[in-house]
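A short worksheet on the structure shown next.
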Amino acid sequence: MSADFIPVITIDGPSASGKGTVAQLVAAQLGFHYLDSGALYRIVAFATQQNNIAWSNAEAVAEYAKTLNIAFENEQVLLNGQNIANEIRTEEMGKGASIVAAHAALRAALLDMQHDLCKTPGLVADGRDMGTVIFPHASLKIFLTASTQTRAERRYKQLLGKNLPADDLKNTGAKNSYQSILQDLTERDARDQNRASAPLCMAQDAILLETDHLSIAQAVSFILQQYEKSKKTT
Ligand code: DC
Numbered sequence: 729m730s731a732d733f734i735p736v737i738t739i740d741g742p743s744a745s746g747k748g749t750v751a752q753l754v755a756a757q758l759g760f761h762y763l764d765s766g767a768l769y770r771i772v773a774f775a776t777q778q779n780n781i782a783w784s785n786a787e788a789v790a791e792y793a794k795t796l797n798i799a800f801e802n803e804q805v806l807l808n809g810q811n812i813a814n815e816i817r818t819e820e821m822g823k824g825a826s827i828v829a830a831h832a833a834l835r836a837a838l839l840d841m842q843h844d845l846c847k848t849p850g851l852v853a854d855g856r857d858m859g860t861v862i863f864p865h866a867s868l869k870i871f872l873t874a875s876t877q878t879r880a881e882r883r884y885k886q887l888l889g890k891n892l893p894a895d896d897l898k899n900t901g902a903k904n905s906y907q908s909i910l911q912d913l914t915e916r917d918a919r920d921q922n923r924a925s926a927p928l929c930m931a932q933d934a935i936l937l938e939t940d941h942l943s944i945a946q947a948v949s950f951i952l953q954q955y956e957k958s959k960k961t962t
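Per the numbering used here, the very first residue in the sequence shown carries number 729; after that it's consecutive.
See below:
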């Protein structure tokens, strides 16, 4: 089947909007593949840090990224055969991902890999530029968002429930941990929205889904309904 005929649902939005959870559930319901494009930038942030390559060095980051062997297998994120699923989920790697993601050369280096993950019977792809740049002809585009406060609360609860490295957890019991997450999210939003290359923005033909007052199940069900509708109109 040509890539043009493989159905793609894109779910873009800011950090901690819940798009990862929602996208995985939509993919599972439809039996589609799932692309967590943020994980790619997190892997690059992790691998470059391990090799003492500065996140700000656009050329070195992009060149090094081309040498990486990346694979997703069930819950595992494999970098050169090593599972780094937990290591890339820290706040530090989220920040690093946002910094390296601003480099146009890196975004170009990761393009083919993202297109190659689009396979039958279909794909649900989440990120920042899925609907605008990577899959502009997607069958359905969703822009999933929530207020900064709601997203910070969700991230805070997520961190508390996760078995993360000490550096990330050391503040979570402190009074200001919610504040620091809020500040971090605000900075990351600004960096993702204001960069020159593929900034976070809503595609013109995307549907806005605000989840402040929606449960995960309601968001998933809305997207599945929209997908059914989109099939009837194509
Ligand atoms: O979705 P996430 O929090 O795992 O993404 C981490 C960072 O990666 C995010 O701050 C911006 C970047 N990113 C991107 O630029 N483009 C994507 N398609 C996905 C993520």
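Note that CB positions come from ideal geometry on N, CA and C, so glycine has one too.
Remember, predicted model here, so these are calculated numbers, not experimental data.
Looking at the unbroken alpha helix (DSSP H) that takes in residue i, where does it start and where does it end?
i, result
"Asp963", "With the chain represented from 729 up to 962, any question about residue 963 goes unanswered, as that position is not in the structure."
"Thr876", "Thr876 to Gly889"
"Phe871", "Here Phe871 belongs to no alpha helix (DSSP H); instead the beta strand (DSSP E) covers Leu868 to Thr873."
"Pro950", "The sequence shown places Phe at residue 950, not Pro. From DSSP, the alpha helix (DSSP H) with Phe950 extends over Ile944 to Thr961."
"His843", "Leu839 to Asp844"
"Ala825", "Glu819 to Val828"
"Phe774", "Ser765 to Gln778"
"Leu753", "Lys747 to Leu758"
Please find out if some non-hydrogen atom of ligand 1 comes closer than 7 Å to the beta-carbon of residue i.
i, result
"Met858", "yes"
"Gly746", "no"
"Asp920", "yes"
"Gly766", "yes"
"Ser784", "no"
"Gly822", "yes"
"Arg883", "no"
"Arg879", "no"
"Ser826", "yes"
"Ser743", "yes"
"Ala829", "yes"
"Gly759", "no"
"Tyr762", "no"
"Gly889", "no"
In whole angstroms, what separates the C-alpha of residue i from that of residue j?
i, j, result
"Ala755", "Thr776", "30 Å"
"Pro893", "Thr961", "Because Pro893 sits at a pLDDT of 47, beneath the cut-off of 50, its placement in the model cannot be relied upon, and the following sentence gives the value as read from the coordinates. Going by the C-alpha atoms only, they are around 48 Å apart."
"Asn785", "Asn779", "13 Å"
"Ala836", "Arg856", "15 Å"
"Lys885", "Ala931", "30 Å"
"Met821", "Phe800", "18 Å"
"Gly741", "Ile951", "14 Å"
"Arg817", "Gln954", "30 Å"
"Leu897", "Leu887", "Confidence at Leu897 is low in this model, with a pLDDT of 47, below 50, so the placement of that residue should be treated as unreliable; the coordinate-derived value is given next. Distance between the alpha carbons of Leu897 and Leu887: 7 Å."
"Arg770", "Ala926", "17 Å"
"Ala902", "Leu910", "With a pLDDT of 45 at Ala902, under the threshold of 50, the modelled position of that residue is not reliable, and the figure given next carries that caveat. Ala902 and Leu910: Cα-Cα distance of roughly 14 Å."
"Phe733", "Ala830", "30 Å"
"Lys959", "Leu868", "9 Å"
"Asn922", "Leu928", "8 Å"
"Gln752", "Tyr762", "6 Å"
"Thr878", "Leu807", "32 Å"
"Ala825", "Val750", "21 Å"
"Ala945", "Asn802", "22 Å"
"Glu956", "Arg916", "34 Å"
Hey, could you find the ends of the beta strand (DSSP E) residue i is sitting in?
i, result
"Ile739", "Val736 to Asp740"
Give a yes or no on whether the minimum CB-CB distance between residue i and chain B is below 8 Å.
i, result
"Gly850", "Note that chain B does not occur in the displayed structure, where there is just one protein chain."
Going by CA-CA distance only, name the one from the options that's closest to residue i.
i, options, result
"Tyr792", "Ser905, Val828, Gln921 and Asp764", "Val828"
"Gln804", "Leu942, His843, Asp764 and His831", "Asp764"
"Leu744", "Ile798, Phe774 and Thr876", "The residue you asked about is not Leu; residue 744 is Ala in the sequence shown. When each option's Cα is compared against that of Ala744, the closest is Thr876."
"Ala934", "Leu913, Phe863, Gly859 and Phe760", "Gly859"
"Ala833", "Ile862, Ala788, Gly824 and Ala874", "Ala788"
"His843", "Leu942, Phe863 and Glu956", "Phe863"
"Glu815", "Leu851, Ala767 and Gly850", "Ala767"
"Asp912", "Glu881, Thr939 and Ile781", "Glu881"
"Leu872", "Lys957, Val948 and Glu819", "Val948"
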